[in-house]
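Trainee: Numbering (the working numbering), first residue to last: 4 to 57.
Backbone N, C-alpha and C define an ideal beta-carbon position, used for all residues, glycine too.
I am attaching a structure below and will ask some questions about it afterwards.
Printed below as a string of C-alpha cells:
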C-alpha cells in the first residue's frame with residue numbers, strides 16, 4: 004500500500020472522529036479535529052505528487 008493512501012485513510016478517520024464530536028455537541032474540539040483532518044488530507048496531496056515523480 005502506498006504511503007499516500009495510508010495518509011488519506013488516516014485523514015478520513017480523523018475527519019470522521021471530528022464529525023462524531025460535532026454531533027456529540029463538543030463543538031470547540033470538533034472544529035480543531037476537522038481542521039486537523041483536512042490538513043492531513045492536503046499533506047497527502049503533496050506526498051502523492053512526490054510519489055508520481057519517482
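Suppose the cutoff is 7 angstroms on Cβ atoms and the five residues either side in sequence are ignored; what does the same chain contact list for residue 11 look like?
Mentor: On the chain shown, position 8 is the one that residue 11 refers to. Only 44, 47 meet the Cβ criterion.
Trainee: Measure the alpha-carbon distance for residue 8 versus residue 34 and round it to whole angstroms.
Mentor: Working through the chain shown from its first residue, we reach residue 8 at position 5. Working through the chain shown from its first residue, we reach residue 34 at position 31. The straight-line gap from Cα to Cα measures roughly 24 angstroms.
Trainee: Check residue 47 in the structure and name its three-state DSSP category.
Mentor: Mapped onto the chain shown, residue 47 falls at position 44. In the structure shown, residue 47 sits in a helix (DSSP, three-state: H, G or I).
Trainee: DSSP three-state call for residue 28: helix, strand or coil?
Mentor: Taking the first residue of the chain shown as position 1, residue 28 is located at position 25. Residue 28 falls in the coil class under three-state DSSP.
Trainee: Between residue 39 and residue 17, which are expected to be in contact by the criterion C-beta below 8 angstroms, what is the C-beta distance as a whole number of angstroms?
Mentor: As a working note, residue 39 is residue 36 in the chain shown. As a working note, residue 17 is residue 14 in the chain shown. Confirmed, about 6 angstroms.
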